[in-house]
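In our numbering, the protein residues as written are 317 to 482.
Quick reminder that beta carbons are idealized off the backbone N, C-alpha and C, glycines included.
None of these values were measured; they are calculated from a predicted model.
Working notes for the structure below.
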C-alpha cells in the first residue's frame, strides 16, 4: 500500500505540473488571440484551437490533484453528520462510484480517440486525437488518485479530517 501511495503522489504531482502547464498555454494563447484580433486586426486561425485543446487537457489532468486534496464535490455534510463508520462507508461508496465513472470514461475516451485519430484539428495539420486523448490520459491519473484516496481513507485519514472539521 505504501508503494502505491508513493506512486500516486508522483503521478498526481506530474498531473499537477502538466495541468498548470496546459493552463498557462491556454491563457497565453487566449491573450494572443484577443490581441491579434482586436489590437492588430489580424486574427489567428490556429491559436483558438490550441487554446481550447490545452484547456481540455488542463481540466482533465487537474481532476487528479483535486481528488487527492479532497477538493471534489462530495456529500461531506451528510458524511460528517453520520456515525464515523457509516460516514466512512459513504465515502468509500462515493469513491467506488467515481472509480466506475472514470473507468467508463477511460474506456470510452480511448475508443473516441481511436475513432477520430484520422481527423485533423481545424486550421492545423494535427490529429484531433491529441485533444481527445485528454479523456483516457486524464482518467488514468484520476483512477490512480481515487484508489489512493480510498486507501488513505481506510488508513484513518478520512476520520482525521472529520475530527478537524467538527
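Backbone secondary structure at residue i - three-state DSSP
i           : result
residue 360 : coil
residue 467 : helix
residue 461 : helix
residue 374 : helix
residue 456 : helix
residue 472 : coil
Anticipated Cβ contact below 8 Å, residue i with residue j, distance rounded
i           : j           : result
residue 324 : residue 458 : Not really, about 11 Å apart at Cβ, beyond 8 Å.
residue 464 : residue 319 : That pair is no contact at about 11 Å.
residue 382 : residue 367 : The Cβ separation is near 22 Å, so there is no contact.
residue 422 : residue 456 : 6 Å
residue 328 : residue 401 : So it is not a contact: roughly 28 Å between Cβ atoms.
residue 405 : residue 331 : In fact, because the Cβ distance is near 28 Å, the residues do not count as touching under 8 Å.
residue 365 : residue 440 : 6 Å
residue 472 : residue 376 : The Cβ separation is near 30 Å, so there is no contact.
residue 395 : residue 403 : 4 Å
Residue i: CB within 6 Å of a non-hydrogen atom of the ligand NAP
i           : result
residue 318 : As for the ligand NAP, it is missing from this structure, which has no ligand bound.
Pair within 7 Å by beta-carbon distance, residue i and residue j
i           : j           : result
residue 349 : residue 335 : no
residue 432 : residue 444 : yes
residue 426 : residue 399 : no
residue 301 : residue 369 : This structure leaves residue 301 out entirely; the chain is present only between 317 and 482.
residue 429 : residue 449 : yes
residue 373 : residue 338 : yes
residue 411 : residue 466 : yes
residue 342 : residue 388 : no
First through last residue of the alpha helix (DSSP H) which encompasses residue i
i           : result
residue 405 : 400–432
residue 349 : 318–350
residue 390 : Element bounds for residue 390: n/a, residue is neither H nor E.
Bridge partners - residue i, DSSP secondary structure assignment
i           : result
residue 443 : 436
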